[in-house]
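A quick write-up on the structure given underneath.
Chains as they are written, first to last, in my numbering: chain A, 1 to 350; chain B, 1001 to 1350; chain C, 2001 to 2350.
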């Protein structure tokens, strides 16, 4: 696809600095862009690459406009504008409507005529699939599940029984939604399985990364609200609720019955304990252990950064005696250190 | 299914406080139960919801019986009793016996007539599948594997060559059992692959959560004993042995050649190093790094809880100088701090 | 297969101490070897088992030769030599060339005649598959991907659009390569998806463990160079580059745009932040948080080892006041502690 700078400026509401007739056919990084490519500057870290770029044009914010050596599309939110331009230039492939002969579809289903069902797909009874929805190769949709319109299950995705998925949802390969939550009752040294009777509800405009797992609820449903974005290899326990437009990065795990608010940003490899509540707008940095509820918006951390191994070992050996160390200091100074209880509630823990 | 309170009391050995004729057709939470639902109280955290419940009856332990505003099924282990009632009210779907026409089954196999093989399944030669076992859509069972009776491979499960699975095992979607362990011999800046010749043995009554992976042994087998319960996205390295009735929560990883005892409880995101031994009955809390063997039953921890980011940064910057800090204190007080060696063996490390 | 010790010595360039006619038909551990098995000693931890072994012979390094009670194959790198012997004794199964009738293969593909395509496989248009390559059951190869020669996709592997895989690559079940990177532009409380236009390049002789995910690049490609070895459940973000012969253990995550050098060894459950650079030859121990670039080869750590829970709680409560503690000590001693800035650059962080 080819489009001129002028058309891009009009379509996406940018101010154009440069010639409107220049044709654009691709996007590229500042560093490697050629004469028909458009690039963008969003992260100031890449600012020094701007001066040397050979892009046809750069999408950027007003504050960087004067530094731009080539044409510029000036937009208040350069990254979002870039995203829209790239979406235009690189349209998703369209899927042939209909059911592939190599799919196994039960008799009692309601599949929209414009839906596309690939080979090696299994669809059980009482499943509903909406208009223009794609169920890619190797996917399994178990009994009673429903999928909205314009949704895509990429490949090898499993939806267990009775899962409900909204519209415009994008589910990457290997995702499992609705497997049993980890419910076990201890009894005389063994475990009795607790049936997981709830299911999973996924709202509209959700994206779910590869090999992420979302368990079904024990009694009521696990709920992922509209616009939530989940990266790869995330584990969501039973009866978790994630509020609208919250984004969670890869390898994070959320234990059962925890509620996460709206518009949170949770970084990668975060571990969130069960039965907690995290307020709207909380930000949690990478590798944090969230072992208490968060009641005030703000930024929370918990990861200790690496060190050279020898130094690390010395310091971590000392950590094992930190309490004794603090007592020694208290005794030397004749005053108690602040304890957790006295330290106020800076991080809103319960 | 509908059953009366009286029948439930008899069948599960509870003391009934209330009218035996009341019909029950569902389970529900204390908060949302209706007049034909049974609920339960196991976690005292939910005790205050008991007073307001509108359930037909509540399964609970004797100590809570007096507080219950509705009928009660009194049992010594309320959670296990609830689990059994729920299992009765919500029976698993039954699978049609036989091999779906869309499955690909090799000639030299022994599949019980009552087994159910779904579409898009691949079963290679020399596979044995027991009575009433379900192999769900998209599963792959490679050469020489055997699966016992009443076992379920939900969907998109992969069993590699020669894996042996017991009876009444439940394997959730996306699980991979018997992929090669991570065996590499370094040689002049490259790696020589070490063939993984062992396999995997899974006992009876095991449950394995979605997208969990269990590697085959390097020479001998990786072994998961009877009654072990594994949550989602767990990684079990080659030649690990996990003792009977041990439960492990999601996202935990166990490195190669480690032995975990019986009746352990390992929480989520725990990392267990290789070649260790963990005794029977050990309890490890969330996010712990188990870098040494555990020789005494008890509770072990290792996760630092979150803090407000600014405070966290200040404290973690200090951590990088903890050894100097301790030396300063030793010098001020004129006495050495206890070292790791002197501190006894409180946690049974080796 | 049976081979004599003498033949093994000649074929793999070992010094034989013992009778060359002894037949060998299997490998075994030192502990459980029988009279036709060969074993090896590489990890000195298992040295005491050498004295009692009943193996026909043991592969070992010159320093252990005198202790060996049975025949010995003496090699400078015993583990690599053992690996080669085991590869000889346990050949990989060979696959029948051709396309299984249960596979779904698009019209416009180029599949080598010696390639083996299993049942329940889906191959889209413009895919190229090299000689003797195996695409196992349930795999999906999306449009425009290419796979070299002698490569194996075990089962249920997904390659998304335009992914390029080299020769002699081994990809274990459940792997997803080329799913969208986690690219989101925030806009007024919601997220705009940033199209992920790059793809993934995997070099030759790479091994990728079960359920590992490697995301496609945002604009340019994610790159895994020759000889890289990835264990299970690793997450590789978009535009990461991993240098040749680097090995990464299970459950590690690498965030977007980070570059890892050649010949690095990264242990399990390590978390590596985005936009970092890790030099050639770096070694990172288990559970480390790599939040800064590593510029000097060496060993880096970041995991705090477990402790008995009560002690851990006391120490971690003190950690929350470590900065105050350090200030108290500074005040007592009348001298500032070294700060991060003053402490030099021992670990090469930026």
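We put the beta carbon where it would ideally sit given N, CA and C, even for glycine.
DSSP lists 1229(B), 1265(B) as the beta-bridge partner residues of residue 1247(B).
When 7 Å is used as the limit between beta carbons, residue 287(A) is near these residues of chain C: 2271, 2289, in chain order. Within the region 197–225 of chain A, the complete beta strand (DSSP E) runs of at least 3 residues fall at 200–202, 213–215, 222–224.
Within the DSSP bridge table, the entry for residue 2040(C) names 2059(C) as partners. Within 8 Å of the CB of residue 2119(C), the CB atoms of chain B belong to 1104, 1122, in sequence order along the chain. For residue 1327(B), the enclosing alpha helix (DSSP H) covers residues 1322–1333.
Here DSSP, grouped into helix, strand and coil, assigns residue 1110(B) to strand. Excluding five sequence positions before and after residue 1329(B), the CB atoms of its chain that fall closer than 8 Å to its own CB belong to 1337, given in chain order. Beta bridge pairing from DSSP links residue 1186(B) with 1191(B).
Distance from the CA atom of residue 2074(C) to the CA atom of residue 2061(C), rounded to whole angstroms, is 5 Å.
Boundaries of the alpha helix (DSSP H) around residue 6(A): 5–12. For residue 45(A), the nearest beta carbon of chain C is closer than 8 Å to its own beta carbon. The beta-carbon distance between residue 1030(B) and residue 1016(B), rounded to whole angstroms, is 18 Å. This is too long to meet the 8 Å contact definition. Restricting attention to 2271(C), 2282(C), 2296(C), 2281(C), the CA atom closest to the CA of residue 287(A) is found in 2271(C). DSSP links residue 1098(B) through a beta bridge to 1116(B). Looking at the DSSP output, residue 2283(C) sits in a beta bridge with 2265(C), 2299(C). In the three-state DSSP reduction, residue 1078(B) falls in the helix class (H, G or I). Taking C-alpha positions only, residue 2298(C) is separated from residue 2102(C) by approximately 51 Å.
The beta carbon of residue 1029(B) sits closer than 8 Å to some beta carbon of chain A. DSSP, reduced to helix, strand and coil, places residue 2016(C) within a strand of the structure shown. If you ignore the 5 residues before and after residue 2154(C), its C-beta comes within less than 6 Å of the C-beta of 2136, 2172, 2173, all in its own chain and listed in chain order. Close to chain B, meaning a Cβ-Cβ distance shorter than 8 Å, are the following residues of the region 192–220 of chain A: 192, 193, 194, 195, 197, 211, 213, 215, 219, 220. Taking C-beta separations shorter than 8 Å and ignoring five residues to either side along the sequence, the partners of residue 1051(B) in its chain run 1067, 1069, following chain order. Excluding sequence positions up to five before and after residue 2078(C), its CB lies within less than 7 Å of the CB of 2040, 2041, 2042, 2059, 2060, 2061, all in the same chain and listed in chain order. Annotation: residue 11(A) to residue 1190(B) spans about 53 Å, alpha carbon to alpha carbon. Annotation for residue 149(A): no beta strand (DSSP E) segment contains it, and DSSP assigns it neither H nor E.
In chain order, 2176, 2235 place their CB closer than 6 Å to the CB of residue 2213(C), counting only its own chain and leaving out the 5 sequence neighbours on each side. In the three-state reduction of the DSSP assignment, residue 2314(C) falls in the helix class, which pools H, G and I. Residues of chain C with a Cβ closer than 7 Å to the Cβ of residue 1180(B) are, in chain order, 2172. Judged by DSSP in its simplified three-state form, residue 2049(C) adopts helix. Nearest C-alpha to residue 1076(B) among 1009(B), 1232(B), 1300(B): 1009(B). Taking residue 2240(C) as reference, the option from 2107(C), 2201(C), 2094(C) with the minimal CA-CA separation is 2201(C). Around the beta carbon of residue 318(A), 16 or more other beta carbons sit within 10 angstroms, so the residue counts as buried. Burial check for residue 90(A): the Cβ neighbour count within 10 Å stays below 16, so the residue is exposed. By the CB criterion at 8 Å, residue 2127(C) and residue 2141(C) fall inside the cutoff. Residue 1045(B) counts as exposed, since fewer than 16 other C-beta atoms from the protein chains shown sit within 10 angstroms of its C-beta.
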